[in-house]
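In our numbering, the protein residues as written are 12 to 205. Just so you know, even glycine gets a beta-carbon here, dropped at the ideal spot from N, CA and C.
Put into structure tokens, the structure is as follows:
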């Protein structure tokens, strides 16, 4: 059982469901509350599917493409940064109507729940603790993320529209910061591999 928790905790830290809750709220603020539930399910299925693929084939996939985990982190960071910037600049929120089909898969399923840090951690954990234990740990983390996102409705009711708008803008600023961190970490992994 100790091995399971040793496998689980790094993934829990990487997923950081509570930390990305404000980002989730910002991305779903224009949706009616009933539309958010299927979006959460879709994001969980997407996140777990991508994580499962990477747990089984991640190293081989990256190697076949001549990529290292650092390259993957840089690409994910750029993707998150672009998502954040579009919502931060004046008029950016009007860029498109949010479709649950789109936002549930990208960016919530990937890269917010199963982002480069999570997928890289999952690859490493599967090498240390085995595929099945890593899958179980990842599954539990995705369930936790879903439960946290599910609670966003209560938080929205508490904050109201103006409070949610403030949280949304702050969360996108935090998302941009996380994106920069991912890019820098990816560069460090390439320049100075451990």
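Under the three-state reduction of DSSP, residue 100 is assigned to coil, being neither helix nor strand. CA-to-CA, the gap between residue 20 and residue 31 works out to about 17 Å. Residue 24 is classed as exposed because its beta carbon has fewer than 16 other beta carbons within 10 Å across all chains shown. CA-CA distance, residue 140 to residue 64, rounds to 17 Å. Rounded to the nearest angstrom, the Cβ distance from residue 202 to residue 88 is 15 Å, too far for a contact under 8 Å. Assignment of residue 138 by DSSP, reduced to helix, strand and coil, places it in the helix class. Contact between residue 54 and residue 134 does not hold, since the beta-carbon distance rounds to 21 Å and is not under 8 Å. Straight across, the Cα-Cα distance linking residue 74 with residue 48 is about 37 Å. Under the three-pair Cβ rule at 8 Å, the stretch 92-100 does not count as touching the stretch 157-170. Take residue 61, set aside five residues on each side of it, and the residues of its chain with a beta-carbon closer than 6 Å to its own are 121, 125, in chain order.
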